[in-house]
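Visitor: Quick one: structure below, then a few questions.
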Ligand SMILES: Cc1cc2nc3c(=O)[nH]c(=O)nc-3n(C[C@H](O)[C@H](O)[C@H](O)COP(=O)(O)OP(=O)(O)OC[C@H]3O[C@@H](n4cnc5c(N)ncnc54)[C@H](O)[C@@H]3O)c2cc1C
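Residue numbers (my numbering), protein chains in the order written: chain A, 240 to 888; chain B, 4 to 256.
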């Protein structure tokens, strides 16, 4: 059922060879094809504009009021590329290797190599669009370092890399909208996918202002709808981020791959109360200079940080991972923070916090330099906490941030449903079990600017353009189902708010399927989730009508899907009896007694993979609400790199 | 960690056709550390439990960068704190017993969709008119083949920091969009990459701005004062200069 369609040949030649061997569509014929792109973030926006440049007729959808506001806008720190402008030993090969290792040897080699290969063209493209990347005095581009790498390959635009890259994408989209190549549908939410004879041929959407439900047909559908981190309620994602589009596709037959690979980012502002709606990321770039520590002695936790002398501080990342220090990858840094807090050495009111301290770099470089590098991040921290990070260390704690799992796709970024393509955070393909910092922006833009424009052609070439229209009975049927569901939600008129259910689900997932997971906890979650879902469908209250702006109705649709999706997430976490990257099963970790620890290859408490049994992509097929999904395995073959114990020490 | 008791005066309007009105809500026991939007979440949760319809407002990232949130608080777009959006405004900026007036970003160019949500698509149309560099994907040269002086790059960045929230329009008694348009134009016009289309871009954006019905700039700079990204009104002077030069060149042909 799953054919990854990885081209044959040496890894360095696969992409070039594949492009050469793929069918093309001649320019005159391209304009006969219609493509739907759901999502206007870095992945969707870049795909929509590039496909329109090529001549296809593109319709693009987003739920915000403007495509420029997609959640990619919030990315702070930077974007990787193998330019080697620093002459520090970087190369396509090294970016590829770092990313595969960063993903704990659970990603698909060929895809990652291609990603590294096109990374440089992204920087060229963005610069030509006017993206104001940071520059040095000589006028050339500047770089910084990110976790999991020993080279400086991250390009950035102060703390606004996401917004600046997205404005580049949005402006190129605007160019195509004005030329007539793209029809933009903002404030329009995809509520379902329509398949005809097993092929994805369209979507059903709701106009979020008038409430009108309508169908759109095309020759192919692209989903670039972002990640599902908000399943946990509290995350660094925007409030609207959701799994609906991907989950709808899943219910219509698309396999969902590796949902349990969720990324908990080590440096976020800690939770402060029940009223809280989201968590705020403090960019990984801060770890270029900031030093992370907790008191050595639990008794010191209540003291003012400045009263704790140097010898009583535990710079635990520098201690445990001297080669990478504070730039250890996210999964590792997060678990180390949890370990310190579990050990009773957490700081702040809740005891769930560690320090990110700029005292030393300020002394070394001066406050002005630090301000120039991170000023807006420091300001953001101060606004939220009311504390001044120039004079006292930031308090941080891990939070849900990114999702490596997503819809299963082949090398062409096509799902197992022919015609359905998936890009950006919504697919699963490039980051394995853990994503390295500054790699999501790279992947979204690689997918949209450079991969899909080439890989969609073979599918389209097999289709007669315009062969399916919204007159097809399949559209009427799905439209009817969507209307019914909207009506059903409104008719419940129960007593609880949508948020109260979302919060309840989020707490449960964070507890049982968060930074550490175990079999018993996951079993319990699998028992409790259906109960919350049942309660939701009995007792949620959505006031107002479907024919107007209705925020509760929008949220309810998304939460209803999270309530089904959460079970899939836990099934996957339950079945993967190993620890890898962001998926840490407490039962599977190295201990003092492990031979690998004795041999000095790793340390107690590190994630213990089981390559023999679990070197596969877990792609789940939907079997009905509340039913266990069916597992399909795509074996992962490592030809260019050797699977090894991941060490950053 | 004191909690606040507040009175809210909120603009409620069911849709564009409805006549809006101010309604009063008691917001009791609001945590000091909550953000302004979290305060509204709490109030909404209570309205919902009491069987009412929640106050609608646009929001998404809640960290001051997406530009969705668009509330005028006590007459000031994004509230009185400098350099922040509403989502970054915290309740510790208010006092127990305060009465807070909450209204949408008002402008004749922005129809109200519901309560505090407005339609700002006029901004998108201004960008579509010419606020871009016309480069095809794949056609770019190596990024370092075109060095950009650091001060130019910085100036471009300062302008590019605009988040398109439209507070500038809401603050202006004439509903002028000059701060937005000038920032968007300056970002590209400062850069060598943007030079070939500078004239065309400047004229097209300004003309679209006028066609949308935005008013004239009379140099009061309320826009600059409320801008959450502190975009400088110097950009307006630059746009005026670029516009005069571009028009003259166009007239000459
Ligand atoms: C705070 C933060 C900081 C980050 N910083 C970095 C960084 O420094 N470097 C890095 O590489 N990565 C970073 N990331 C990760 C990165 O930003 C994202 O993974 C990436 O931008 C996702 O892009 P995307 O195009 O896949 O999705 P998004 O940008 O999330 O776009 C999703 C699009 O889909 C639309 N959509 C979703 N559902 C529907 C629906 N049902 N109907 C219609 N439209 C829909 C939305 O409107 C939106 O347009 C960060 C993430 C966060 C949260």
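Just so you know, even glycine gets a beta-carbon here, dropped at the ideal spot from N, CA and C. All figures in this text were calculated on a predicted structure; none of them were measured in a lab.
8 Å is my cut-off, CB to CB: does residue 688 of chain A come that close to chain B?
Guide: What you label residue 688 of chain A is simply residue 449 of the first chain in a count that begins at 1. Judged by the 8 Å Cβ criterion, residue 688 of chain A is in contact with chain B.
Visitor: Within 10 Å of its beta-carbon, does residue 406 of chain A have 16 or more other beta-carbons around it, so buried, or fewer, so exposed?
Guide: Here residue 406 of chain A refers to the residue found at position 167 when the first chain is read from its first residue. Result: buried.
Visitor: Any beta-carbon of chain B closer than 8 Å to the one on residue 782 of chain A?
Guide: The residue labelled residue 782 of chain A in the question sits at position 543 within the first chain. Chain B contact via Cβ: present.
Visitor: Does the CB of residue 263 of chain B have a neighbour CB from chain A at under 8 Å?
Guide: Because chain B here runs from 4 to 256, residue 263 of chain B falls outside it and cannot be looked at.
Visitor: Do we get a CB-CB distance below 8 Å when we pair residue 305 of chain A with the residues of chain B?
Guide: The sequence position of residue 305 of chain A within the first chain is 66, counting from 1. For residue 305 of chain A, the answer is yes, since a Cβ of chain B falls inside 8 Å of its Cβ.
Visitor: From which residue to which residue does the beta strand (DSSP E) around residue 104 of chain B run?
Guide: Within the second chain, numbered from 1, the residue matching residue 104 of chain B stands at position 101. Residues 102-107.
Visitor: Starting from residue 160 of chain B, trace the alpha helix (DSSP H) in both directions and tell me its first and last residue.
Guide: Sequence index remark: in the second chain, residue 160 of chain B carries index 157 (1-based). Its alpha helix (DSSP H) spans residues 153-163.
Visitor: Can the beta-carbon of residue 662 of chain A be found less than 8 Å from the beta-carbon of residue 361 of chain A?
Guide: Position 423 of the first chain, counting from 1, holds the residue named residue 662 of chain A. Position 122 of the first chain, counting from 1, holds the residue named residue 361 of chain A. Their beta carbons are not under 8 Å apart, which means residue 662 of chain A does not touch residue 361 of chain A by this criterion.
Visitor: If I follow the unbroken alpha helix (DSSP H) through residue 483 of chain A, where does it start and stop?
Guide: Taking the first residue of the first chain as 1, we reach residue 483 of chain A at position 244. It spans 483-490 - the alpha helix (DSSP H) in which residue 483 of chain A sits, taken as one unbroken run.
Visitor: Work out the CA separation of residue 371 of chain A and residue 379 of chain A for me, nearest whole Å.
Guide: Position 140 of the first chain holds residue 379 of chain A. Position 132 of the first chain holds residue 371 of chain A. Distance between the alpha carbons of residue 379 of chain A and residue 371 of chain A is about 11 Å.
Visitor: In this structure, how does DSSP classify residue 248 of chain A when only helix, strand and coil are distinguished?
Guide: Numbered from 1 along the first chain, position 9 holds the residue referred to as residue 248 of chain A. Collapsing the DSSP output to three states places residue 248 of chain A in coil.
Visitor: Could you list the residues in the region 188-215 of chain B with a C-beta less than 7 Å from some C-beta on chain A, going in chain order?
Guide: 190, 191, 194, 196, 197
Visitor: Which chain B residues are close to residue 614 of chain A, counting only those with a beta carbon under 7 Å from its beta carbon?
Guide: Translated into the one-based positions of the first chain, residue 614 of chain A becomes position 375. Result: empty, since nearest Cβ-Cβ is about 11 Å, beyond 7 Å.
Visitor: Can you find a C-beta in chain B that's less than 8 Å from the C-beta of residue 741 of chain A?
Guide: In the first chain, residue 741 of chain A corresponds to position 502, counting from 1. Cβ-Cβ to chain B under 8 Å: no for residue 741 of chain A.
Visitor: Could you tell me if the beta carbon of residue 475 of chain A falls within a distance shorter than 7 Å of some heavy atom in ligand 2?
Guide: Although ligand 2 was asked about, the structure shown includes only ligand 1 as ligands.
Visitor: Assuming residue 729 of chain A and residue 792 of chain A make a contact with CB atoms under 8 Å, what is their CB distance in whole Å?
Guide: Here residue 729 of chain A refers to the residue found at position 490 when the first chain is read from its first residue. Here residue 792 of chain A refers to the residue found at position 553 when the first chain is read from its first residue. Right, their Cβ atoms sit about 7 Å apart.
Visitor: Ordered along the chain, which non-local residues of its own chain (more than five positions away) have a Cβ less than 7 Å from that of residue 627 of chain A?
Guide: Here residue 627 of chain A corresponds to residue number 388 of the first chain, with the count starting at 1. These residues qualify, in order along the chain: 621.
Visitor: Are the CB atoms of residue 186 of chain B and residue 238 of chain B within a distance shorter than 8 Å?
Guide: In the second chain, the residue the question calls residue 238 of chain B occupies position 235. In the second chain, the residue the question calls residue 186 of chain B occupies position 183. Contact: yes.
Visitor: Among A/389, A/444, A/345, which one has its Cα closest to the Cα of residue 276 of chain A?
Guide: The residue labelled residue 276 of chain A in the question sits at position 37 within the first chain. The candidate whose alpha carbon is nearest that of residue 276 of chain A is A/444.
Visitor: Excluding five sequence neighbours on each side, which residues of the same chain lie with their C-beta closer than 6 Å to the C-beta of residue 169 of chain B?
Guide: Residue 169 of chain B sits at position 166 when you count from the first residue of the second chain. 108, 123.
Visitor: For residue 429 of chain A, does the three-state DSSP call read helix, strand or coil?
Guide: Here residue 429 of chain A refers to the residue found at position 190 of the first chain. Reduced to three states, the DSSP call for residue 429 of chain A is strand.
Visitor: Taking the beta strand (DSSP E) that residue 331 of chain A belongs to, which residues open and close that run?
Guide: By one-based count along the first chain, residue 331 of chain A stands at place 92. Looking at the DSSP string, residue 331 of chain A is not in any beta strand (DSSP E); the run it does join, the alpha helix (DSSP H), is 331-341.
Visitor: Once DSSP output is grouped into helix, strand and coil, what is the label at residue 34 of chain B?
Guide: As a working note, residue 34 of chain B is residue 31 in the second chain. Residue 34 of chain B: strand per DSSP, three-state reduction.
Visitor: Residue 273 of chain A to residue 515 of chain A, Cα distance in whole Å?
Guide: For the purposes of this step, residue 273 of chain A is identified with residue 34 of the first chain, where counting begins at 1. For the purposes of this step, residue 515 of chain A is identified with residue 276 of the first chain, where counting begins at 1. Whole-angstrom Cα-Cα distance: 42 Å.
Visitor: Please return the same chain residues whose Cβ sits closer than 7 Å to the Cβ of residue 184 of chain B, not counting the five positions on each side in sequence.
Guide: Taking the first residue of the second chain as 1, we reach residue 184 of chain B at position 181. These residues qualify, in order along the chain: 129, 208, 209, 212, 242.
Visitor: Taking the alpha-carbon of residue 596 of chain A as reference, which of A/563, A/549, A/615, A/590 has the nearest alpha-carbon?
Guide: Reading the first chain from its first residue, position 357 is the one you call residue 596 of chain A. It is A/549 whose Cα lies nearest to the Cα of residue 596 of chain A.
Visitor: When DSSP labels each residue in this structure, what does residue 870 of chain A get in the three-state scheme?
Guide: Within the first chain, the letter at position 631 stands for residue 870 of chain A. Reduced to three states, the DSSP call for residue 870 of chain A is strand.
Visitor: Expressed to the nearest angstrom, what Euclidean distance is found between the alpha-carbon atoms of residue 765 of chain A and residue 723 of chain A?
Guide: Locating residue 765 of chain A in the first chain gives position 526, counting from the first residue. Locating residue 723 of chain A in the first chain gives position 484, counting from the first residue. Cα to Cα, residue 765 of chain A sits roughly 28 Å from residue 723 of chain A.
Visitor: Confirm the yes/no value for this check: CB of residue 652 of chain A, any heavy atom of ligand 1, distance under 7 Å.
Guide: What you label residue 652 of chain A is simply residue 413 of the first chain in a count that begins at 1. The answer is no for residue 652 of chain A.
Visitor: Can you grab the Cα-Cα spacing for the pair residue 536 of chain A / residue 584 of chain A, in whole Å?
Guide: Walking along the first chain from the start, residue 536 of chain A turns up at place 297. Walking along the first chain from the start, residue 584 of chain A turns up at place 345. Cα to Cα, residue 536 of chain A sits roughly 7 Å from residue 584 of chain A.
Visitor: Examine the Cβ distances between the region 144-159 of chain B and the region 53-69 of chain B and report whether three or more of them are shorter than 8 Å.
Guide: no
Visitor: Quick check on the burial criterion: 16 or more other C-beta atoms within 10 angstroms. Buried or exposed for residue 587 of chain A?
Guide: Position 348 of the first chain, counted from the first residue, corresponds to residue 587 of chain A. That one is buried.
Visitor: With 8 Å set as the bound, which would you pick, yes or no: does the beta-carbon of residue 68 of chain B sit closer than that to a beta-carbon of chain A?
Guide: What you label residue 68 of chain B is simply residue 65 of the second chain in a count that begins at 1. Yes, contact with chain A.
Visitor: Does residue 601 of chain A get closer than 8 Å to chain B when you measure Cβ to Cβ?
Guide: Locating residue 601 of chain A in the first chain gives position 362, counting from the first residue. Contacts with chain B at 8 Å (Cβ-Cβ) do not include residue 601 of chain A.
Visitor: Is the CB-CB distance between residue 592 of chain A and residue 634 of chain A below 8 Å?
Guide: For the purposes of this step, residue 592 of chain A is identified with residue 353 of the first chain, where counting begins at 1. For the purposes of this step, residue 634 of chain A is identified with residue 395 of the first chain, where counting begins at 1. In this structure, residue 634 of chain A lies closer than 8 Å to residue 592 of chain A by Cβ.
Visitor: Kindly say whether residue 80 of chain B, judged by its beta-carbon, lies nearer than 8 Å to any beta-carbon of chain A.
Guide: In the second chain, residue 80 of chain B corresponds to position 77, counting from 1. For residue 80 of chain B, the answer is no, since every Cβ of chain A falls outside 8 Å of its Cβ.
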